[in-house]
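Trainee: For reference, the structure I am asking about is given below.
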Amino acid sequence: MGDVQIKVQPTQYDAVIVGSGAGGGMAAYMLSKAGLKVALIEAGPMYDPAKNITQLKNPWDSVRRGASTRFRPFGDFDASYWGWQIDGEPYTKAEGTEWDWWRARMVGGRTNHWGRISLRFGPKDFKRRSIDGLGDDWPIGYEDIKPYYDRIDRIIGVFGSNEGLENDPDGIFLPPPKPRLHELMIKKAATGVGIPVIPSRLSILTQPLQEATTQRGKCFYCSQCNRGCMVYGDFSASSVLVKPALATGKVDVFTNAMAREVITNSEGLATGISYVSKDDLQEYQVNGRVVILAASACESARLLLNSKSKRHPNGLANSSDVVGRYLHDSTGAAMGGVLPQLFGRKRYNEDGVGGMHIYTPWWLDNKKLNFPRGYHIEYWGGMSQPSYGFGFDMQNLNGKYVVNGQQKPAGGYGASLKEDVRFFYGASVGMAGRGEAIPRKDNYCEIDPNVVDQYGIPVLRFHVKWSDYEIQQAKHMKETFAEIMHNMGAVITWGNSDGPENNYGLESPGKIIHEAGTVRMGNDPKTSALNKFNQAHDCKNLFVVDGGPFVSQADKNITWTILALSMRASEYIIDQMKQRNL
Amino acid sequence: MKRRDTLKAIALGTLSGTALLTAACNTNADDSKNSVPATGSGPDRMQEEAAHEAQLKAMPDFFTPHEMATITVLADIIIPKDDVSGSATDAKVPEFIGFIVKEMTYYQTPLRGGLKWLDNYALKQYQKAFIALTQQQQITIIDAIAYPEKAASNMQQGVSFFNLIRNLTVTAFYTSEMGVKDLGYVGNQPNEWKGVPADVLAQYQLAYSEQELKICI
């Protein structure tokens, strides 16, 4: 006793992948299908939506009726294990700055609960500096990534409609679902004031997928994609990528394994990953020919910064000093209310798919606006499953409207209150913008010199602030939402009392959970960590395939592009191995 | 059809929506064997939260029997039995409130204090605890705190308390099996979405566009 030993796993792998979400899951799938031997390291436990079920549960199946906990901040049935905080794994923020960091600890990561919004970046999204002089262009363009988007559409599946829009490219879409009642009202109101509304683009199977990676079921319209789907009707990395990767017999998955460092040799090349097992708290090492990080933009940056050596004194792949920098999230702001025309509405099953059936892609010209970049609009409302919080604050609603012919005082109790609850059910409506922020060098995460987690791993300290660009964008969102709400005859009940004092309702950075930019790619090794194939400039057998490599993230949810880039990097790795360059 | 087979059929896309609904409705007790976790069993829990829930369940009650009795009377005043559904106690609302304060500890002081405020007010008015009053006396007090915009300014603490107990009662009732049925929520089951029913579209003078009918499933 008293000895601390590092147990080296005996297998020499072709690839060691850290993280099993969209990026890591895709790399594991591609490499194992190519016959390579893969170690997949995941900080959380095994998870399979067909076995770990919260789907189709009723509110009373939860002791807290679906309320959130620190284990499940998006509600008791949400599939994500952990969220804003993890016991024993802190992170810190520099004074006067903000960053909220969502971490899912489970096979499949955050893809198990995400919104399935699957948007391709458009041609302009890769060349923003050339357009507005801000940030940087990507080292690749839409034409480089389009073939991968096409393949992902085919093997993973996405519904949508081909609209011929310049910067919201067409895809290989399954048919979208018809709009719900409130969505028809939104569409009428928005298009009436010149705001386009088109079918949403979600990775949910409305029809069987011919080239699916694994046996998958069709969507059965329970609207609960955030709970994970037991028939694999939606995309989660756990079911759609990791499961078929494991079925090749080429992948060893190491769960509850918290990566500590990337190990490098005297030539500065990566040789493997050291990790601490959460099961026995012992130290382990897994060796491989290449190391692929997909632990999330911030977690991958943390790993690199914690991997200092003689050859890499500033952290691995960080001679440029950009690792951790250019951290950015989508902007977000929201507004909601009620549609009086829906009071006392007829009941029917309108669950639909998990999320909106319609959305608004960015539609304006920034030359006529006081902020750069755009946002898309997401919508919700209608007759959803009641959950903890349902019926709260009836006193703020029931005095304002005539209920079944009767004007009542606000508040109340008894049979009259029950009548009110029924009357107002299903009349809510809301919308939120998701916009593009400008990635800035001085928005960053770094290693906190004073703090470690319970495994002794130094933690991240965040320094992130919004600029006036993002604040002006949020102001524009709110004005747009108010216009749509008024035009549809909705009564705004929240989200319309904003001003400069609260950045016009702009969510604090990190809250939209689209972290990106911390290990960015570029052609110049002095200003980027990776080349255009997600390969480290400083260490040729090290790759990063999560949101880290993003130069910018458009106003498009980043998962589809993480998948495309990871697929592309995986093929590059296979090719380079064949050529004996790796 | 067994529930697991039903889901498998959905997975294979071989079952139509109407067949699904019928199948889902016709499950009987024998079918629960060897099926995917049936409705009514608890949701998936990760290790840490399972431990947390076990800890919660082992905790002693927060409320005294007198406090629970008062909560029960209040809950049934807020949600009584009517033509459509049963009462708060029928839906076990007091049990939920008794449980949730162990996890949402921020409710403990406002509820305990509010109950004490109520008893103290009852004592001043009628020289008895609230639960010992006649129904008429109880309602007289409730009427003084149940309508925020009409309540006297010296009753504001009572109004705040009643808003809170009304929130918890309403939410607990309408997230119970009885309450969900009362509300008429008919989702949370295998279905096929074919769009808004025609009579509803007509009611709101809306229609799907040709484009929607052409491209949508």
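The listed protein sequences correspond, in order, to chains A and B. Quick note: the first sequence uses this note's numbering, first residue 601, plus one each step. Quick note: the second sequence uses this note's numbering, first residue 154, plus one each step. Every residue gets a Cβ at the ideal spot worked out from N, C-alpha and C, and that includes glycine.
1) Below 8 Å on the Cβ atoms is my contact criterion, and I expect residue 1057 (chain A) with residue 860 (chain A) to pass it. Report the Cβ-Cβ distance as a whole number of Å.
2) Among A:746, A:906 and A:1123, which one has its Cα closest to the Cα of residue 1053 (chain A)?
3) From residue 662 (chain A) to residue 887 (chain A), what distance separates their C-alpha atoms?
4) I'd like to know whether the C-beta atoms of residue 339 (chain B) and residue 947 (chain A) end up nearer to each other than 9 Å.
5) Does the beta carbon of residue 669 (chain A) come closer than 9 Å to any beta carbon on chain B?
6) Residues of chain A with a CB under 8 Å from the CB of residue 319 (chain B): which are they?
7) Rounded to the nearest angstrom, what separates residue 1101 (chain A) and residue 230 (chain B) at their Cα positions?
8) Name the residue from A:1113, A:641, A:1122 and A:625 whose alpha carbon lies nearest to the alpha carbon of residue 872 (chain A).
9) Could you check what DSSP says for residue 1060 (chain A) in three-state terms: helix, strand or coil?
10) Taking the C-alpha atoms as reference points, what is the distance between residue 984 (chain A) and residue 1026 (chain A)?
11) Tell me which residue opens and which closes the alpha helix (DSSP H) that residue 875 (chain A) is part of.
12) Quick one: list the residues of chain A neighbouring residue 373 (chain B), beta-carbon separation under 7 Å, in chain order.
13) Any chance you could list the alpha helix (DSSP H) runs of at least 4 consecutive residues sitting entirely within the segment 198–277 of chain B, in chain order?
14) Between which two residues does the alpha helix (DSSP H) harbouring residue 892 (chain A) extend?
15) For residue 270 (chain B), which residues of its own chain have a beta-carbon under 7 Å away from its beta-carbon, when the five flanking residues on both sides are left out?
16) Three or more C-beta pairs closer than 8 Å, one from the segment 756–767 of chain A and one from the segment 338–358 of chain B: is that the case here?
17) Residue 276 (chain B): buried (16+ other C-beta within 10 angstroms of its C-beta) or exposed?
18) Exposed or buried, what is residue 614 (chain A) when buried is set at 16 or more other beta-carbons lying within 10 Å of its beta-carbon?
19) Kindly indicate the opening and closing residues of the beta strand (DSSP E) around residue 957 (chain A).
20) What does the Cβ neighbour count give for residue 193 (chain B), buried or exposed, with the cut at 16 atoms within 10 Å?
21) Quick one: is residue 660 (chain A) near chain B, going by C-beta distance under 9 Å?
22) Assuming residue 1088 (chain A) contacts residue 939 (chain A) under a Cβ cut-off of 8 Å, what Cβ separation, rounded to an integer in Å, is found between them?
23) Could you check where the alpha helix (DSSP H) with residue 1168 (chain A) kicks off and where it finishes?
24) With which residues is residue 981 (chain A) paired in a DSSP beta bridge?
25) Relative to the C-alpha of residue 927 (chain A), which candidate in A:683, A:1019 and A:1113 has its C-alpha closest?
26) Starting from residue 1080 (chain A), follow the beta strand (DSSP E) in both directions and report where the run begins and ends.
27) So which residues of chain B does residue 666 (chain A) contact, with C-beta pairs closer than 8 Å?
28) Between the C-alpha atoms of residue 266 (chain B) and residue 304 (chain B), what's the straight-line distance to the nearest angstrom?
29) In terms of DSSP beta bridges, what is residue 703 (chain A) paired with?
30) Apart from the five residues on each side of it in sequence, which residues of its chain come closer than 8 Å, Cβ to Cβ, to residue 1192 (chain A)?
31) So, residue 1034 (chain A) versus residue 1157 (chain A), is the Cβ gap smaller than 9 Å?
32) Does residue 230 (chain B) get closer than 9 Å to chain A when you measure Cβ to Cβ?
33) Residue 603 (chain A): buried (16+ other C-beta within 10 angstroms of its C-beta) or exposed?
34) List, in chain order, every chain A residue whose beta-carbon is nearer than 7 Å to that of residue 270 (chain B).
35) Between residue 356 (chain B) and residue 1155 (chain A), what straight-line distance do the alpha-carbon atoms span, to the nearest angstrom?
36) Rounded to the nearest angstrom, how far is the Cβ of residue 1166 (chain A) from that of residue 1151 (chain A), given a contact under 8 Å?
Mentor: Put simply:
1) Residue numbering aside, residue 1057 (chain A) sits at position 457 when the first sequence is read from its first letter. Residue numbering aside, residue 860 (chain A) sits at position 260 when the first sequence is read from its first letter. About 6 Å separates the two Cβ atoms, so the contact holds.
2) If you number the first sequence from 1, residue 1053 (chain A) lands on position 453. When each option's Cα is compared against that of residue 1053 (chain A), the closest is A:906.
3) The residue you call residue 662 (chain A) lines up with position 62 of the first sequence. The residue you call residue 887 (chain A) lines up with position 287 of the first sequence. Each residue's Cα considered, the two are about 43 Å apart.
4) Along the second sequence, one-based indexing puts residue 339 (chain B) at 186. Along the first sequence, one-based indexing puts residue 947 (chain A) at 347. Yes; because the gap between Cβ atoms is below 9 Å, this pair is in contact.
5) Within the first sequence, the letter at position 69 stands for residue 669 (chain A). Taking 9 Å as the CB threshold, residue 669 (chain A) lines the interface with chain B.
6) For the purposes of this step, residue 319 (chain B) is taken as residue 166 along the second sequence, with counting starting at 1. What residue 319 (chain B) touches in chain A, judged by beta-carbon distance under 8 Å, is 994, 995, 1011, 1013 and 1017, going in chain order.
7) Reading the first sequence from its first residue, position 501 is the one you call residue 1101 (chain A). Reading the second sequence from its first residue, position 77 is the one you call residue 230 (chain B). Taking the straight line from one Cα to the other gives about 42 Å.
8) Residue mapping note: residue 872 (chain A) aligns to position 272 of the first sequence, counting from 1. Minimum Cα distance to residue 872 (chain A) is reached at A:641.
9) Within the first sequence, numbered from 1, the residue matching residue 1060 (chain A) stands at position 460. The three-state reading of DSSP puts residue 1060 (chain A) in strand, counting E and B together.
10) Residue numbering aside, residue 984 (chain A) sits at position 384 when the first sequence is read from its first letter. Residue numbering aside, residue 1026 (chain A) sits at position 426 when the first sequence is read from its first letter. Within the model, the alpha-carbon separation for residue 984 (chain A) versus residue 1026 (chain A) is close to 7 Å.
11) Indexing the first sequence from 1 puts residue 875 (chain A) at position 275. Annotation for residue 875 (chain A): no alpha helix (DSSP H) segment contains it, though the beta strand (DSSP E) segment containing it runs 870–877.
12) In the structure as shown, chain B begins at 154 and stops at 370. Residue 373 (chain B) is therefore absent and cannot be evaluated.
13) Runs found: 200–211, 218–231 and 246–256.
14) Position 292 of the first sequence, counted from the start, is the residue given in the question as residue 892 (chain A). Not the alpha helix (DSSP H): residue 892 (chain A) falls in the beta strand (DSSP E), residues 883–893.
15) Taking the first residue of the second sequence as 1, we reach residue 270 (chain B) at position 117. Excluding residues within five positions, the ones whose Cβ falls inside 7 Å are 310, 311 and 314.
16) No: the two stretches stay apart, fewer than three of their Cβ pairs being nearer than 8 Å.
17) As a working note, residue 276 (chain B) is residue 123 in the second sequence. With fewer than 16 other beta carbons inside 10 angstroms of its own, residue 276 (chain B) counts as exposed.
18) Stepping through the first sequence from its first residue, residue 614 (chain A) is reached at position 14. By the neighbour-count rule (16 or more Cβ atoms within 10 Å), residue 614 (chain A) is buried.
19) On the first sequence, position 357 is the one that residue 957 (chain A) refers to. For residue 957 (chain A), there is no enclosing beta strand (DSSP E), as DSSP marks it with neither H nor E.
20) In the second sequence, counting from the first residue as 1, residue 193 (chain B) sits at position 40. Confidence is the limiting factor: at residue 193 (chain B) the pLDDT is only 49, short of 50, which leaves the residue's position unreliable and the question unanswerable from this model.
21) Numbered from 1 along the first sequence, position 60 holds the residue referred to as residue 660 (chain A). Yes, residue 660 (chain A) lies at the interface with chain B (some Cβ there is under 9 Å from its Cβ).
22) Taking the first sequence and counting its residues from 1, one reaches residue 1088 (chain A) at position 488. Taking the first sequence and counting its residues from 1, one reaches residue 939 (chain A) at position 339. Indeed they touch by this definition, with Cβ atoms about 7 Å apart.
23) Taking the first sequence and counting its residues from 1, the one referred to as residue 1168 (chain A) is at position 568. First-last of the alpha helix (DSSP H) with residue 1168 (chain A): 1159–1178.
24) Here residue 981 (chain A) refers to the residue found at position 381 of the first sequence. Residue 981 (chain A) is bridged to A:1029.
25) As a first step, residue 927 (chain A) is located in the first sequence; it is residue number 327 there, counting from the start. Selected option, being the one with the closest Cα: A:1113.
26) In the first sequence, the residue the question calls residue 1080 (chain A) occupies position 480. No beta strand (DSSP E) holds residue 1080 (chain A); the alpha helix (DSSP H) holding it covers 1068–1087.
27) Position 66 of the first sequence holds residue 666 (chain A). Under the 8 Å cutoff, chain B gives 328.
28) Locating residue 266 (chain B) in the second sequence gives position 113, counting from the first residue. Locating residue 304 (chain B) in the second sequence gives position 151, counting from the first residue. Distance between the alpha carbons of residue 266 (chain B) and residue 304 (chain B) is about 19 Å.
29) For this step, residue 703 (chain A) is matched to residue 103 along the first sequence. For residue 703 (chain A), which the question treats as bridged, DSSP gives no partner whatsoever.
30) Outside the modelled stretch of chain A, which goes from 601 to 1182, sits residue 1192 (chain A), for which no answer is possible.
31) Working through the first sequence from its first residue, we reach residue 1034 (chain A) at position 434. Working through the first sequence from its first residue, we reach residue 1157 (chain A) at position 557. For the 9 Å CB-CB criterion, residue 1034 (chain A) and residue 1157 (chain A) form a contact.
32) In the second sequence, residue 230 (chain B) corresponds to position 77, counting from 1. With 9 Å as the cut-off, residue 230 (chain B) counts as an interface residue toward chain A.
33) Numbered from its first residue, the first sequence carries residue 603 (chain A) at position 3. Flag for residue 603 (chain A) reads exposed.
34) For this step, residue 270 (chain B) is matched to residue 117 along the second sequence. By Cβ distance, chain A contributes nothing, its closest Cβ being about 17 Å from residue 270 (chain B), past 7 Å.
35) Residue 356 (chain B) sits at position 203 when you count from the first residue of the second sequence. Residue 1155 (chain A) sits at position 555 when you count from the first residue of the first sequence. Cα to Cα, residue 356 (chain B) sits roughly 37 Å from residue 1155 (chain A).
36) Within the first sequence, residue 1166 (chain A) is the residue found at index 566, counting from 1. Within the first sequence, residue 1151 (chain A) is the residue found at index 551, counting from 1. 16 Å between Cβ atoms; not a contact.
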